[in-house]
Amino acid sequence: MRALVIDDSRAMRRIVGSILEGFGYETRPAGHGREALDVLEEGWVPDLACIDWNMPVMDGLQFVSAVRANPAWRQVTLMMVTTESEHGQIVRALAAGAHEYVIKPFTADAIGDKLALLGLLPHGVPA
Amino acid sequence: MTAATALSPTGFDWVCQLVRRESAIVLAPGKEYLVEARLLPVARSLGLSGVAELVDRVRARPDAALSRRIVEALTTNETSWFRDGDPFTALTSTVLPALQAARRPGEALRIWSAACSSGQEAYTVAMLLADALPNASGRVQITATDLSRDMVARTRAGRFSQLEVNRGLPASMLVRHFCRVGTEWEVAPQLRAMVTASELNLAAPLPRLGPFDVVYLRNVLIYFDPATKRDVLQRVRRLMRPDGWLFLGAAETTLGVDDTWERVACGRGSAYRPTRGA
Amino acid sequence: MSAPIATLLDDETVNAVAAEVWSALVGEDEVLVPGDGPVADGRSAWVGVEGPWSGLVVLTCSASATDDLTRAVLQLAPAEELADEDVDDVLRELANILGGNVKSLLPGPSTLGLPQTGTPPQPGTDVRPVGATWRGHPLTITVQGATEAPVHHPTTEVTP
Numbered sequence: 000m001r002a003l004v005i006d007d008s009r010a011m012r013r014i015v016g017s018i019l020e021g022f023g024y025e026t027r028p029a030g031h032g033r034e035a036l037d038v039l040e041e042g043w044v045p046d047l048a049c050i051d052w053n054m055p056v057m058d059g060l061q062f063v064s065a066v067r068a069n070p071a072w073r074q075v076t077l078m079m080v081t082t083e084s085e086h087g088q089i090v091r092a093l094a095a096g097a098h099e100y101v102i103k104p105f106t107a108d109a110i111g112d113k114l115a116l117l118g119l120l121p122h123g124v125p126a
Numbered sequence: 000m001t002a003a004t005a006l007s008p009t010g011f012d013w014v015c016q017l018v019r020r021e022s023a024i025v026l027a028p029g030k031e032y033l034v035e036a037r038l039l040p041v042a043r044s045l046g047l048s049g050v051a052e053l054v055d056r057v058r059a060r061p062d063a064a065l066s067r068r069i070v071e072a073l074t075t076n077e078t079s080w081f082r083d084g085d086p087f088t089a090l091t092s093t094v095l096p097a098l099q100a101a102r103r104p105g106e107a108l109r110i111w112s113a114a115c116s117s118g119q120e121a122y123t124v125a126m127l128l129a130d131a132l133p134n135a136s137g138r139v140q141i142t143a144t145d146l147s148r149d150m151v152a153r154t155r156a157g158r159f160s161q162l163e164v165n166r167g168l169p170a171s172m173l174v175r176h177f178c179r180v181g182t183e184w185e186v187a188p189q190l191r192a193m194v195t196a197s198e199l200n201l202a203a204p205l206p207r208l209g210p211f212d213v214v215y216l217r218n219v220l221i222y223f224d225p226a227t228k229r230d231v232l233q234r235v236r237r238l239m240r241p242d243g244w245l246f247l248g249a250a251e252t253t254l255g256v257d258d259t260w261e262r263v264a265c266g267r268g269s270a271y272r273p274t275r276g277a
Numbered sequence: 000m001s002a003p004i005a006t007l008l009d010d011e012t013v014n015a016v017a018a019e020v021w022s023a024l025v026g027e028d029e030v031l032v033p034g035d036g037p038v039a040d041g042r043s044a045w046v047g048v049e050g051p052w053s054g055l056v057v058l059t060c061s062a063s064a065t066d067d068l069t070r071a072v073l074q075l076a077p078a079e080e081l082a083d084e085d086v087d088d089v090l091r092e093l094a095n096i097l098g099g100n101v102k103s104l105l106p107g108p109s110t111l112g113l114p115q116t117g118t119p120p121q122p123g124t125d126v127r128p129v130g131a132t133w134r135g136h137p138l139t140i141t142v143q144g145a146t147e148a149p150v151h152h153p154t155t156e157v158t159p
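Here's what the structure looks like:
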């Protein structure tokens, strides 16, 4: 299983990346939406993308819309991981095509629970 | 904290063994402060001077209910919403169609969350049925009970922290069924109206409740000795409809404890149903 | 122009938000004890909020705490070296998360800027400073209204 971790904070990329690696994922980091699209365009299409909202160059919502506009990337599950926590913001992200939403701050267990919901826990890894 | 009330090394070891046995969670050496911090409210709620006295009391006189509170205080930070998702997916995929076929249209469906903790299980059921049944709020009655007065009050309030709603609650359900109130998220009034919460000790004679179509009794039996397990299961069965469904925790079973149940495949997991004539 | 911040947020709410951030990011058993004096030689990170209420959410930690804080958030082993940029990055992300959660409690709709580090703009009169202590080190979370000179939010440098 592959996951793309998109966040402008190096610390957050590291935290989310190591949680996912703990669940058996191979991960790649990207510092903003444009950089993440470059990774997809180069052919590295992940099962999961964890996406921050507020980032320079291209924000998370623009990235979600771009991925959903390309049928070749339909297999990518899009999970927002962001401090944006108003009811209306979550609605906006889901309407743009995000599949799931984790509010920062979160624990490793919260990521595990969401992966279990999405059927994206590699087999044999305890939730 | 004075020396007289500090938890002794043997007391700490006893707590570690209890938690490990009941939850498979290992408390590392050096976590004495965590045990103190989490158990002090439990000790105070019983009018005890401190954690040492609490531990001495349970060691001297084993008490399943109190042991459970100790383990919960040390292990459950946030309960997941779709914790071990199978009993919930089975509710809508298997149990609900069976009940709809067997009941008159509009007949009440009664569901019991028998160790409701802060209410996630009861509201998970409420959300699933609200989404699956057009007239759920008029038809579904969910009884949520817990030993702890605090937990009953939390269930009744239906308010959850950000960290709690992050735990396994699908985002689509969060936005559909909750609204923000300050730093917390509150369950919609029509779901809260489906849930009645009250204090109840499963190890004592039960009040008149039900009869229930579905009972969630998960991660409770593990705390009781075999004789009490059997008593609890028999008391629960008397409050169920003959064609009702019982869901236990993933590590629990009626097999070898009380033979008046049959285990049936249900969704991807299993459920228990009263045997005919029992 | 919205109501002053003091009428929109109380200390207890800011402390509750900070406590959740600390327990999730710094460590499950990390306790933030509310209340303490201001931080003398602090290092700051902040994030802007723009909407009916506009201003900044500033996190200031005493210099003695920032290394430990960064190590705790990144779960670094004692032997692992700590880059200065990691310290700034962790402070920025903490400010970002605090800011996003504070924003959700204010009248909306509002937008959140990108976090930055350095010397934060001086607060005006519309300010709510909330003090706390972590592992004995003082820190403050200051929610301050935009001062008359509009606060400029340059784009934070991207550090791949």
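Protein chains in written order, with numbering that gives the first Met the number 0: chain A, 0 to 126; chain B, 0 to 277; chain C, 0 to 159. Even glycine gets a Cβ: it sits at the ideal position worked out from N, Cα and C.
Residues in the stretch 161-185 of chain B having any Cβ partner in chain C nearer than 8 Å: GLN161, LEU162, ARG179, GLY181, THR182
Element boundaries [alpha helix (DSSP H), containing B:ASP230]: 225-237
Contacting positions in the stretch 53-70 of chain C - beta carbon closer than 7 Å to chain A: none
Top-ranked residue by Cα proximity to C:PRO33, from C:ASN95, C:LEU138, C:LEU113: C:LEU138
Chain C contact residues for A:PHE105, given Cβ-Cβ distances below 9 Å: ALA23, LEU24
Interface flag, B:PHE81 vs chain A, CB-CB below 8 Å: yes
C:GLU19 at chain B interface by Cβ criterion, 8 Å: yes
CB of B:LEU38 within 8 Å of CB of B:LEU26, strictly: no
Where B:VAL186 falls, given that 16 or more other Cβ within 10 Å makes a residue buried: Counting of Cβ neighbours within 10 angstroms places B:VAL186 among the buried residues, the total reaching 16 or more.
Residue from B:LEU98, B:ASN134, B:PRO86 whose Cα sits closest to the Cα of B:GLU251: B:PRO86
Amino acids of chain A, ordered along the chain, whose beta-carbon sits closer than 7 Å to that of C:ASN14: Here the premise fails: no neighbours, minimum Cβ distance about 14 Å.
Coil, strand or helix - C:ASP28 by DSSP: In the three-state reduction of the DSSP assignment, C:ASP28 falls in the coil class, being assigned neither a helical nor a strand state.
Own chain, CB closer than 6 Å to B:ASN76, minus 5 neighbours either side, in chain order: With a pLDDT of 49 at B:ASN76, under the threshold of 50, the modelled position of that residue is not reliable, and the figure given next carries that caveat. Counting only Cβ-Cβ distances below 6 Å, and skipping sequence neighbours, we find nothing.
Contact residues within the stretch 23-38 of chain B, judged by C-beta distance below 7 Å to chain C: Using a CB distance below 7 Å, the part of the stretch 23-38 of chain B facing chain C consists of LEU33, ordered along the chain.
Beta-carbon proximity check, A:LEU19 vs A:PRO45, cutoff 8 Å: no
Buried or exposed (CB count within 10 angstroms, at least 16 for buried), B:CYS178: exposed
Beta-carbon proximity check, C:VAL93 vs C:ALA44, cutoff 8 Å: First, the amino acid is wrong: residue 93 of chain C is Leu here, not Val. Yes, Cβ-Cβ distance for C:LEU93 and C:ALA44 is below 8 Å.
Environment of B:SER112 [buried if 16+ CB atoms lie within 10 Å]: buried
Contact with chain D by C:LEU104, beta-carbon distance below 8 Å: In the displayed structure, chain D is absent; the protein chains listed are A, B and C.
Residue nearest to A:PRO70 in terms of C-alpha spacing, selected from A:THR82, A:LEU93, A:ARG9, A:GLU40: A:GLU40
Straight-line Cα distance separating B:ILE69 from B:TRP244: 29 Å
Residues of the stretch 2-35 of chain A whose Cβ lies closer than 7 Å to any Cβ of chain C, in chain order: Residues ASP7, SER8, ARG9, ALA10, MET11, ARG13, GLY30, HIS31.
Cutoff 6 Å; reference A:MET54; Cβ partners in own chain excluding five residues on either side: ASP7, HIS31
Buried versus exposed, by CB contacts within 10 Å (16 or more), A:ASP172: Since the first and last residues shown for chain A are 0 and 126, residue 172 of chain A lies out of range.
Listed by chain order, chain A residues near B:GLY84 by CB distance under 8 Å: ALA115, LEU116
Residue range of the unbroken alpha helix (DSSP H) whose run includes B:LEU98: 95-101 is the span of the alpha helix (DSSP H), which, as asked, contains B:LEU98.
Length of the line joining the Cα atoms of B:HIS176 and B:LEU190: 8 Å
For A:ALA68, three-class secondary structure by DSSP: coil
Span of the alpha helix (DSSP H) around C:GLY54: Premise fails: C:GLY54 lies in the beta strand (DSSP E), 54-61, not in any alpha helix (DSSP H).
A:PHE22 (DSSP reduced to helix, strand or coil): coil
Check whether A:SER64 and A:GLY96 have beta carbons under 8 Å apart: yes
8 Å Cβ cutoff, C:ASP125 in contact with chain B: no
Backbone secondary structure at B:VAL124 - three-state DSSP: It is helical.
Nearest-angstrom beta carbon gap, A:VAL56 and A:MET78 [assumed within contact, 8 Å]: Going by Cβ atoms, the distance from A:MET78 to A:VAL56 rounds to 20 Å, so no, they are not a contact pair.
Minimum Cβ-Cβ distance from A:ILE50 to chain B less than 8 Å: False, the Cβ-Cβ gap to chain B never drops below 8 Å.
Sequence-distant residues of the same chain with beta carbon closer than 6 Å to C:ASP174, five excluded per side: Because chain C is modelled from 0 through 159, residue 174 of chain C falls outside the range shown and cannot be assessed.
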